[in-house]
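Note sheet for the following structure.
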Amino acid sequence: MFHQLCPSLFRSPCGLAGLSAGMAIGIVGDAGISECTTTKALCGMILILIFAKALSLYGLIVDIILCSRAGQARVEITLKVF
1 MFHQLCPSLF
11 RSPCGLAGLS
21 AGMAIGIVGD
31 AGISECTTTK
41 ALCGMILILI
51 FAKALSLYGL
61 IVDIILCSRA
71 GQARVEITLK
81 VF
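For the sequence shown, the UniProt record's numbering gives the first residue as 1, with consecutive numbering after it.
Dropping the structure here:
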């Protein structure tokens, strides 16, 4: 049963990272359009957009690592009663 749930469990880091990066890009883009009258504000907005995109790439890398090691770790749990 655990092997059937593994792929859906490993998709959550990538999905959550993409969701949070998308929200950050949307919020910064909306605020940046109304406030970008100076180049100083534009530079700050671009930096925030770069960091939000890095968050999405980090989630993708974690997802690839988890999916590549999915079949390697098999731990058997035994309970010992004293």
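We put the beta carbon where it would ideally sit given N, CA and C, even for glycine.
8 Å Cβ cutoff met for residue i and residue j
i, j, result
"ILE25", "LEU42", "no"
"LEU47", "ALA21", "no"
Pairwise C-alpha distance: residue j and residue i
i, j, result
"MET45", "SER68", "35 Å"
"ASP30", "LEU60", "25 Å"
"CYS14", "VAL28", "21 Å"
"ILE65", "TYR58", "11 Å"
"GLU35", "VAL62", "34 Å"
Residue i burial status per 10 Å Cβ neighbour count (16 or more: buried)
i, result
"ALA17", "buried"
"ALA52", "buried"
"LEU19", "exposed"
Can you list the alpha helix (DSSP H) stretches of 4 or more residues lying completely in the UniProt domain "V-ATPase proteolipid subunit C-like" (13–66), in chain order?
DSSP assignment within the UniProt domain "V-ATPase proteolipid subunit C-like" (13–66) yields no whole alpha helix (DSSP H) run of 4 residues or more.
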